[in-house]
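Under full-length UniProt numbering, the first residue of the sequence shown is numbered 1, with each subsequent residue one higher.
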Amino acid sequence: MTYLRYAALGDSFTEGVGDVDPALPNGVRGWADRVATALHTAQSDTRYVNLAIRGRKLVPIVEEQVDAAIALGPDLVTIHAGGNDLLRPSVDITALAAVYDDAIGRLTATGATVVLFTPHDPGAAAGFRALRGRFAILAEAMREIADRHDAVLVDYWRLRDYDDVRLWSFDRLHMSAAGHQRMAMAVLDALGVDHDLQTLELAPLPELSTAEQARQALTWVTGFAGPWLGRRLRGVSSGDTLAPKYPDWSVPPQ
């Protein structure tokens with residue numbers, strides 16, 4: 001398949017948080033940019049929109065991005081949402097899946113190829129392990145939705161590479177540059193698109209003493225977990241002041 005109009009929808013996962021690039025809009029690159037660039041390399045007429053905004057929950061993503069994307073007439077859509085819902089104190093996963101199902105149905109009805117994702121398995125991350133059951137239930141719902149609508153599924157849960165901490169950024173919530181590169185490869189492979197992307201070289205895992213591990217954990221709490229919790233308590237999102245990276249058809253970043 002050749003895709004000429006690729007629309008990326010979602011939250012921080014799709015915006016590219018964790019893959020820092022100050023030269024790009026919102027200061028990040030991300031797997032969707034990398035996919036778009038690979039598609040453009042194969043076909044120079046390819047254009048790209050990325051409507052994703054960090055911090056968005058599922059309903060705002062659907063309300064703000066799905067109809068906007070349909071109006072643009074893409075032939076390829078990727079959508080990832082629900083992660084921010086799962087991190088809230090309580091969540092109705094059945095209701096979440098119903099909203100997702102309706103959105104995927106509307107997107108596939110346009111004739112576009114639609115790619116969706118399961119959540120990842122947080123079992124290897126101590127800070128998020130307690131939420132593993134929620135992630136697993138939504139993962140199975142996403143597999144059912146993909147089957148129902150004949151969508152392309154990237155089963156993030158089963159990509160065991162992500163048990164490696166080096167595929168995650170400092171905040172342990174977003175992928176690193178290496179993680180985004182790996183996801184771009186997974187998406188292109190799921191689509192059956194030839195590409196020349198390779199896994200990024202990883203630095204050796206550091207051998208940390210117990211004291212160093214404790215200091216690292218404290219740095220994470222003060223540098224990420226504390227500010228993140230503070231925003232939740234204030235009803236503030238990290239994406240409140242941001243606009244989509246590429247709201248109109250654009251040449252993918254090179």
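Even for Gly, the Cβ is constructed at its ideal location relative to N, Cα and C.
Pick out whichever of the options has its Cα sitting closest to the Cα of residue i.
i: G73; options: L4, Q254, V115; result: L4
i: V59; options: A124, L86, A151; result: L86
i: A42; options: L200, V193, D240, P204; result: V193
i: Y6; options: A23, A36, S238; result: A36
i: D150; options: A109, A126, D21, A71; result: A109
i: R134; options: Y156, A81, I93; result: I93
i: T118; options: M1, E144, A124, P22; result: E144
i: A81; options: N50, I70, D11; result: D11
i: A125; options: R215, D101, L159, D164; result: D164
i: P204; options: S237, R215, L167; result: L167
i: A146; options: W157, G105, R172; result: G105
When we look at the beta-carbon of residue i and count the other beta-carbons within 10 Å, is it buried (16 or more) or exposed?
i: E15; result: buried
i: P206; result: exposed
i: L148; result: Checking the displayed sequence, the identity of residue 148 turns out to be Arg instead of Leu. Per the 10 Å Cβ criterion, exposed.
i: F170; result: exposed
i: S44; result: exposed
i: D121; result: buried
i: M1; result: exposed
i: R215; result: exposed
i: R56; result: buried
I'd like the list of long-range same chain contacts for residue i, defined as Cβ closer than 6 Å, with 5 residues on each side in sequence excluded.
i: A180; result: The sequence given here has His at residue 180, not Ala. Excluding residues within five positions, the ones whose Cβ falls inside 6 Å are D19, G30, W31.
i: P25; result: K245
i: L107; result: V77, V114
i: A103; result: V62, V66
i: P252; result: A36, T37, H40, Y48
i: V17; result: V28, R54, H174
i: residue 255; result: The structure shown does not extend to residue 255, since the chain is modelled only from 1 through 254, so no value can be given for it.
Under 7 Å Cβ to Cβ from residue i, same chain only, skipping five residues before and after it: list those, please.
i: A112; result: P74, D75, L76, V77
i: V99; result: L58, V59, V62
i: G248; result: Here the sequence assigns Asp to residue 248, which means Gly is not the residue at that position. Around D248: V49.
i: L159; result: A186
i: R129; result: P122, G123
i: G83; result: D11, F13, P119
i: Q254; result: T37
In chain order, what residues of the same chain lie with their CB nearer than 8 Å to the CB of residue i, ignoring the 5 residues before and after it?
i: L197; result: R34, A38, Q181, A184, M185, L188
i: V91; result: D85, R134
At the 8 Å Cβ level, is residue i part of the contact set with chain D, yes or no?
i: R34; result: The chain labelled as chain D is not found in the depicted structure, where only one protein chain is given.
What residue ranges within the segment 137-217 form continuous alpha helix (DSSP H) runs of no fewer than 4 residues, ordered along the chain? Counting only runs of 4 or more, we get 177-191.
Evaluate the contact criterion for the segment 169-189 versus the segment 134-143: three or more CB pairs, one atom per stretch, below 8 Å. The answer is no - the segment 134-143 does not touch the segment 169-189, with fewer than three Cβ pairs under 8 Å.
What residue ranges within the segment 46-84 form continuous alpha helix (DSSP H) runs of no fewer than 4 residues, ordered along the chain? 58-61, 67-72, all fully within the segment 46-84.
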